[in-house]
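S.K.: For reference, the structure I am asking about is given below.
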Amino acid sequence: MELWPGAWTVLLLLFLLLLFLLPTVWFCSPSAKYFFKMAFYNGWILFLAVLAIPVCAVRGRNVENMKILRLMLLHIKYLYGIRVEVRGAHHFPPSQPYVVVSNHQSSLDLLGMMEVLPGRCVPIAKRELLWAGSAGLACWLAGVIFIDRKRTGDAISVMSEVAQTLLTQDVRVWVFPEGTRNHNGSMLPFKRGAFHLAVQAQVPIVPIVMSSYQDFYCKKERRFTSGRCQVRVLPPVPTEGLTPDDVPELADRVRHSMLTVFREISTDGQGGGDYLKKPVGVAEARL
1 MELWPGAWTV
11 LLLLFLLLLF
21 LLPTVWFCSP
31 SAKYFFKMAF
41 YNGWILFLAV
51 LAIPVCAVRG
61 RNVENMKILR
71 LMLLHIKYLY
81 GIRVEVRGAH
91 HFPPSQPYVV
101 VSNHQSSLDL
111 LGMMEVLPGR
121 CVPIAKRELL
131 WAGSAGLACW
141 LAGVIFIDRK
151 RTGDAISVMS
161 EVAQTLLTQD
171 VRVWVFPEGT
181 RNHNGSMLPF
191 KRGAFHLAVQ
201 AQVPIVPIVM
211 SSYQDFYCKK
221 ERRFTSGRCQ
231 VRVLPPVPTE
241 GLTPDDVPEL
251 ADRVRHSMLT
261 VFREISTDGQ
271 GGGDYLKKPV
281 GVAEARL
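Numbering (full-length UniProt numbering), first residue to last: 1 to 287.
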(Lines of atoms letter the chains of each structure in order from A and count residues from 1; the text may use other names and numbers.)
(Lines give C-alpha, C1' and ligand atoms only; values in the text may rest on other atoms or scores of the structure.)
Protein backbone atom coordinates (compact mmCIF):
# COMPACT_ATOMS: atom_id res chain seq x y z
CA MET A 1 0.00 0.00 0.00
CA GLU A 2 1.36 3.40 -1.03
CA LEU A 3 0.91 6.44 1.18
CA TRP A 4 -0.64 9.51 -0.45
CA PRO A 5 1.62 12.62 -0.45
CA GLY A 6 -0.18 14.25 2.49
CA ALA A 7 0.54 11.23 4.67
CA TRP A 8 4.27 11.60 4.15
CA THR A 9 3.99 15.22 5.25
CA VAL A 10 2.15 14.20 8.43
CA LEU A 11 4.75 11.53 9.20
CA LEU A 12 7.57 14.00 8.63
CA LEU A 13 5.94 16.56 10.91
CA LEU A 14 5.42 13.93 13.63
CA PHE A 15 9.05 12.87 13.32
CA LEU A 16 10.29 16.46 13.60
CA LEU A 17 7.97 17.04 16.56
CA LEU A 18 9.39 13.94 18.25
CA LEU A 19 12.94 15.14 17.63
CA PHE A 20 12.02 18.45 19.25
CA LEU A 21 10.14 16.99 22.21
CA LEU A 22 12.69 14.38 23.26
CA PRO A 23 15.51 16.84 24.06
CA THR A 24 13.00 19.18 25.70
CA VAL A 25 11.63 16.44 27.97
CA TRP A 26 15.17 15.18 28.64
CA PHE A 27 16.45 18.53 29.89
CA CYS A 28 13.27 19.80 31.54
CA SER A 29 11.93 16.70 33.29
CA PRO A 30 14.19 14.80 35.74
CA SER A 31 11.47 12.17 36.11
CA ALA A 32 11.40 11.52 32.38
CA LYS A 33 15.19 11.26 32.39
CA TYR A 34 14.99 8.77 35.28
CA PHE A 35 12.48 6.53 33.49
CA PHE A 36 14.44 6.70 30.24
CA LYS A 37 17.69 5.75 31.97
CA MET A 38 16.10 2.84 33.85
CA ALA A 39 14.35 1.61 30.71
CA PHE A 40 17.60 1.71 28.77
CA TYR A 41 19.45 0.03 31.66
CA ASN A 42 17.06 -2.93 31.73
CA GLY A 43 16.70 -3.10 27.97
CA TRP A 44 20.47 -3.02 27.42
CA ILE A 45 20.97 -5.88 29.88
CA LEU A 46 18.35 -7.95 28.06
CA PHE A 47 20.07 -7.21 24.75
CA LEU A 48 23.50 -8.16 26.12
CA ALA A 49 21.98 -11.38 27.46
CA VAL A 50 20.82 -12.25 23.93
CA LEU A 51 24.42 -11.87 22.74
CA ALA A 52 25.77 -13.90 25.66
CA ILE A 53 23.40 -16.86 25.34
CA PRO A 54 24.95 -18.53 22.25
CA VAL A 55 28.46 -18.05 23.67
CA CYS A 56 27.50 -19.54 27.04
CA ALA A 57 25.51 -22.34 25.42
CA VAL A 58 28.74 -23.84 24.07
CA ARG A 59 29.62 -24.93 27.63
CA GLY A 60 26.05 -25.53 28.74
CA ARG A 61 25.12 -24.64 32.32
CA ASN A 62 28.51 -23.86 33.83
CA VAL A 63 29.73 -21.49 36.54
CA GLU A 64 32.60 -20.44 34.25
CA ASN A 65 30.04 -18.72 32.02
CA MET A 66 29.72 -16.05 34.71
CA LYS A 67 33.03 -14.68 33.41
CA ILE A 68 31.36 -14.02 30.07
CA LEU A 69 28.44 -12.17 31.66
CA ARG A 70 30.81 -10.14 33.82
CA LEU A 71 32.91 -9.15 30.81
CA MET A 72 29.83 -8.03 28.88
CA LEU A 73 28.40 -5.99 31.77
CA LEU A 74 31.49 -4.19 33.06
CA HIS A 75 31.13 -1.26 30.65
CA ILE A 76 27.65 -0.19 31.81
CA LYS A 77 29.01 2.00 34.60
CA TYR A 78 30.72 4.15 31.99
CA LEU A 79 27.44 4.70 30.12
CA TYR A 80 25.95 6.19 33.28
CA GLY A 81 28.99 8.02 34.57
CA ILE A 82 29.16 5.92 37.73
CA ARG A 83 32.59 5.53 39.27
CA VAL A 84 32.95 2.28 41.22
CA GLU A 85 35.81 2.09 43.71
CA VAL A 86 36.74 -1.27 45.22
CA ARG A 87 38.66 -1.56 48.47
CA GLY A 88 39.65 -4.65 50.40
CA ALA A 89 39.66 -7.12 47.49
CA HIS A 90 42.69 -8.78 49.10
CA HIS A 91 40.33 -10.14 51.77
CA PHE A 92 38.92 -12.75 49.38
CA PRO A 93 40.22 -16.20 50.42
CA PRO A 94 42.54 -17.26 47.57
CA SER A 95 41.71 -20.93 47.15
CA GLN A 96 38.63 -22.14 48.99
CA PRO A 97 34.83 -21.96 48.82
CA TYR A 98 33.06 -19.21 50.75
CA VAL A 99 29.76 -17.38 51.00
CA VAL A 100 29.58 -13.70 50.03
CA VAL A 101 26.89 -11.60 51.73
CA SER A 102 26.11 -8.11 50.43
CA ASN A 103 23.59 -5.33 51.03
CA HIS A 104 20.89 -4.94 48.39
CA GLN A 105 19.73 -1.46 47.31
CA SER A 106 18.49 -1.71 43.72
CA SER A 107 19.11 -3.35 40.36
CA LEU A 108 22.16 -1.08 40.14
CA ASP A 109 23.86 -3.48 42.58
CA LEU A 110 24.74 -5.41 39.45
CA LEU A 111 27.38 -2.77 38.63
CA GLY A 112 29.19 -3.18 41.95
CA MET A 113 28.83 -6.94 41.86
CA MET A 114 30.41 -7.26 38.41
CA GLU A 115 33.25 -4.97 39.49
CA VAL A 116 34.33 -7.21 42.37
CA LEU A 117 32.89 -10.64 41.51
CA PRO A 118 35.50 -13.32 42.33
CA GLY A 119 36.16 -16.34 40.15
CA ARG A 120 33.74 -19.28 40.26
CA CYS A 121 31.19 -17.21 42.14
CA VAL A 122 27.48 -17.21 41.31
CA PRO A 123 24.55 -15.37 42.92
CA ILE A 124 21.62 -17.00 44.65
CA ALA A 125 18.55 -15.34 43.15
CA LYS A 126 14.78 -15.53 43.46
CA ARG A 127 13.14 -17.96 41.06
CA GLU A 128 11.18 -15.20 39.30
CA LEU A 129 14.42 -14.09 37.61
CA LEU A 130 14.51 -17.39 35.74
CA TRP A 131 11.52 -16.23 33.70
CA ALA A 132 12.97 -12.77 32.90
CA GLY A 133 13.43 -13.50 29.20
CA SER A 134 16.94 -13.58 27.81
CA ALA A 135 18.40 -12.44 31.16
CA GLY A 136 16.90 -15.45 32.93
CA LEU A 137 18.31 -17.90 30.39
CA ALA A 138 21.75 -16.27 30.46
CA CYS A 139 21.77 -16.45 34.28
CA TRP A 140 20.76 -20.12 34.18
CA LEU A 141 23.59 -20.90 31.75
CA ALA A 142 26.01 -19.05 34.08
CA GLY A 143 25.09 -21.33 36.97
CA VAL A 144 23.00 -18.86 38.97
CA ILE A 145 21.16 -20.71 41.76
CA PHE A 146 17.43 -20.05 41.88
CA ILE A 147 15.31 -20.51 45.01
CA ASP A 148 11.63 -20.01 45.77
CA ARG A 149 11.70 -17.90 48.93
CA LYS A 150 7.94 -18.30 49.36
CA ARG A 151 8.38 -22.03 49.93
CA THR A 152 10.65 -22.36 52.93
CA GLY A 153 10.98 -26.14 52.63
CA ASP A 154 12.22 -25.91 49.05
CA ALA A 155 14.61 -23.08 49.94
CA ILE A 156 16.15 -25.14 52.75
CA SER A 157 16.52 -28.11 50.40
CA VAL A 158 18.25 -25.98 47.77
CA MET A 159 20.59 -24.54 50.41
CA SER A 160 21.58 -28.07 51.47
CA GLU A 161 22.41 -28.93 47.86
CA VAL A 162 24.39 -25.69 47.52
CA ALA A 163 26.42 -26.60 50.61
CA GLN A 164 27.50 -29.80 48.92
CA THR A 165 28.26 -27.97 45.68
CA LEU A 166 30.46 -25.48 47.51
CA LEU A 167 32.67 -28.27 48.80
CA THR A 168 32.70 -30.64 45.84
CA GLN A 169 32.96 -28.15 42.95
CA ASP A 170 34.97 -25.31 44.55
CA VAL A 171 32.18 -22.77 44.02
CA ARG A 172 31.53 -19.50 45.83
CA VAL A 173 28.03 -18.07 46.17
CA TRP A 174 26.81 -14.48 46.48
CA VAL A 175 23.77 -13.87 48.68
CA PHE A 176 21.75 -10.74 49.45
CA PRO A 177 20.63 -11.61 53.00
CA GLU A 178 18.13 -8.75 53.17
CA GLY A 179 16.04 -10.82 50.77
CA THR A 180 14.72 -7.85 48.81
CA ARG A 181 15.81 -4.44 47.55
CA ASN A 182 16.01 -1.72 50.15
CA HIS A 183 15.70 1.88 48.93
CA ASN A 184 15.71 3.46 52.39
CA GLY A 185 19.45 4.08 52.71
CA SER A 186 20.10 1.52 55.42
CA MET A 187 19.91 -2.27 55.79
CA LEU A 188 16.90 -4.46 56.39
CA PRO A 189 17.11 -7.30 58.92
CA PHE A 190 19.07 -10.24 57.53
CA LYS A 191 17.45 -13.53 56.68
CA ARG A 192 19.54 -16.39 57.97
CA GLY A 193 19.71 -18.71 54.97
CA ALA A 194 23.19 -17.58 53.88
CA PHE A 195 24.54 -18.06 57.39
CA HIS A 196 23.01 -21.53 57.75
CA LEU A 197 24.62 -22.36 54.41
CA ALA A 198 28.07 -21.19 55.53
CA VAL A 199 27.82 -23.03 58.86
CA GLN A 200 26.59 -26.23 57.22
CA ALA A 201 29.49 -26.16 54.75
CA GLN A 202 31.91 -24.84 57.40
CA VAL A 203 33.18 -22.19 54.99
CA PRO A 204 33.93 -18.52 55.75
CA ILE A 205 31.57 -15.63 55.14
CA VAL A 206 32.92 -12.66 53.16
CA PRO A 207 30.85 -9.51 53.81
CA ILE A 208 30.71 -6.93 50.99
CA VAL A 209 29.26 -3.46 51.53
CA MET A 210 28.17 -1.10 48.76
CA SER A 211 27.86 2.55 49.79
CA SER A 212 24.53 4.36 49.59
CA TYR A 213 23.35 5.39 46.12
CA GLN A 214 21.49 8.41 47.54
CA ASP A 215 24.15 10.70 46.09
CA PHE A 216 23.15 9.86 42.52
CA TYR A 217 20.10 7.56 42.57
CA CYS A 218 16.75 7.73 44.36
CA LYS A 219 13.74 5.78 43.18
CA LYS A 220 11.30 7.76 45.31
CA GLU A 221 12.51 11.10 43.93
CA ARG A 222 12.86 9.73 40.37
CA ARG A 223 16.48 10.88 40.33
CA PHE A 224 19.33 9.16 38.47
CA THR A 225 22.52 11.13 37.78
CA SER A 226 26.22 10.31 37.66
CA GLY A 227 28.13 9.65 40.87
CA ARG A 228 30.49 7.47 42.85
CA CYS A 229 29.96 4.16 44.64
CA GLN A 230 32.43 2.52 46.97
CA VAL A 231 32.51 -1.26 47.33
CA ARG A 232 34.23 -2.48 50.50
CA VAL A 233 35.25 -6.13 50.93
CA LEU A 234 35.52 -6.94 54.65
CA PRO A 235 37.75 -9.60 56.23
CA PRO A 236 36.27 -13.10 56.07
CA VAL A 237 34.32 -14.35 59.08
CA PRO A 238 35.21 -17.98 59.95
CA THR A 239 32.49 -20.53 60.71
CA GLU A 240 34.60 -23.55 61.64
CA GLY A 241 33.17 -25.23 64.71
CA LEU A 242 29.92 -23.26 64.64
CA THR A 243 26.55 -25.03 64.79
CA PRO A 244 23.03 -24.00 63.72
CA ASP A 245 22.49 -22.66 67.24
CA ASP A 246 25.21 -20.08 66.55
CA VAL A 247 23.56 -18.75 63.38
CA PRO A 248 21.40 -15.97 64.95
CA GLU A 249 24.39 -14.44 66.73
CA LEU A 250 26.54 -14.85 63.62
CA ALA A 251 23.97 -13.09 61.41
CA ASP A 252 23.58 -10.23 63.88
CA ARG A 253 27.35 -9.80 64.24
CA VAL A 254 27.94 -9.70 60.47
CA ARG A 255 25.05 -7.28 59.91
CA HIS A 256 26.34 -5.00 62.67
CA SER A 257 29.82 -4.84 61.10
CA MET A 258 28.38 -4.26 57.61
CA LEU A 259 26.03 -1.51 58.77
CA THR A 260 28.89 0.23 60.58
CA VAL A 261 30.98 0.21 57.40
CA PHE A 262 27.96 1.22 55.30
CA ARG A 263 27.54 4.36 57.40
CA GLU A 264 31.24 5.10 57.20
CA ILE A 265 31.60 4.87 53.44
CA SER A 266 28.19 6.43 52.72
CA THR A 267 29.14 9.64 54.52
CA ASP A 268 32.67 9.73 53.10
CA GLY A 269 31.85 11.93 50.12
CA GLN A 270 28.86 9.76 49.16
CA GLY A 271 26.03 12.08 50.17
CA GLY A 272 24.79 10.50 53.37
CA GLY A 273 22.09 12.04 55.50
CA ASP A 274 20.08 11.81 58.69
CA TYR A 275 18.86 8.34 57.76
CA LEU A 276 22.40 7.11 58.42
CA LYS A 277 22.39 8.40 61.99
CA LYS A 278 19.91 5.88 63.33
CA PRO A 279 21.30 3.45 65.93
CA VAL A 280 22.44 0.04 64.74
CA GLY A 281 19.68 -2.42 65.48
CA VAL A 282 19.89 -6.13 66.13
CA ALA A 283 18.54 -8.12 63.23
CA GLU A 284 15.78 -10.60 63.85
CA ALA A 285 15.51 -12.75 60.75
CA ARG A 286 14.78 -16.17 59.43
CA LEU A 287 15.25 -18.05 56.18
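Quick reminder that beta carbons are idealized off the backbone N, C-alpha and C, glycines included.
1) In its own chain, which residues sit with a C-beta less than 7 Å from the C-beta of residue 197, not counting the 5 before and 5 after it?
2) Pick helix, strand or coil for residue 96, following the three-state DSSP scheme.
3) Does the distance from the CB of residue 251 to the CB of residue 192 come in under 9 Å?
4) Do the stretch 138-146 and the stretch 74-89 meet, that is, are 3 or more Cβ pairs less than 8 Å apart?
5) Which residue from 206, 244, 123 puts its Cα closest to that of residue 235?
6) So what's residue 266 in DSSP terms, helix, strand or just coil?
7) Indicate whether residue 101 and residue 66 have their beta-carbon atoms separated by less than 9 Å.
8) Starting from residue 85, follow the beta strand (DSSP E) in both directions and report where the run begins and ends.
9) List the endpoints of the continuous alpha helix (DSSP H) containing residue 114.
10) Can you tell me which of the three DSSP states residue 210 falls into?
11) Based on the DSSP output, what are the partners of residue 102 in its beta bridges?
12) Where DSSP assigns a beta bridge to residue 218, which residues make up the other side?
13) Just grab the DSSP bridge partners of residue 145 for me.
14) With respect to the alpha helix (DSSP H) encompassing residue 199, which residues constitute its N-terminal and C-terminal limits?
15) By the 10 Å Cβ neighbour count, where 16 or more other Cβ atoms means buried, how is residue 174 classified, buried or exposed?
16) Give me whichever residues DSSP pairs with residue 164 in a beta bridge.
17) At what residues does the beta strand (DSSP E) containing residue 174 begin and finish?
18) Note down the Cα distance separating residue 54 from residue 134, rounded to an integer number of angstroms.
M.R.: Reading off the structure:
1) Close CB contacts of residue 197 within its chain, under the 7 Å cut and outside five residues either way in sequence, are with 99, 159, 162, 163 (chain order).
2) DSSP, reduced to helix, strand and coil, places residue 96 outside both helices and strands of the structure shown, so it counts as coil.
3) Their beta carbons are under 9 Å apart, which means residue 251 touches residue 192 by this criterion.
4) Look at the beta carbons and you see the stretch 138-146 not touching the stretch 74-89: under three pairs across the two are nearer than 8 Å.
5) With distances taken between Cα atoms, residue 235 lies closest to 206.
6) In this structure, DSSP gives residue 266 a helical state, which the three-state scheme calls helix.
7) No; because the gap between Cβ atoms is not below 9 Å, this pair is not in contact.
8) 82-87 is the span of the beta strand (DSSP E), which, as asked, contains residue 85.
9) Here the alpha helix (DSSP H) through residue 114 covers 109-116.
10) Three-state DSSP puts residue 210 in a strand.
11) The partner list for residue 102 (beta bridge, DSSP) reads 208.
12) Assignment of beta-bridge partners to residue 218 by DSSP yields 223.
13) Paired residues: 124.
14) That run of the alpha helix (DSSP H) goes 193-201.
15) Counting every other CB atom within 10 Å of its CB across the protein chains shown gives residue 174 a total of 16 or more, marking it as buried.
16) Looking at the DSSP assignment, residue 164 forms no beta bridge with any residue, so it has no partner.
17) Unbroken beta strand (DSSP E) run through residue 174: 172-175.
18) One C-alpha to the other measures close to 11 Å.
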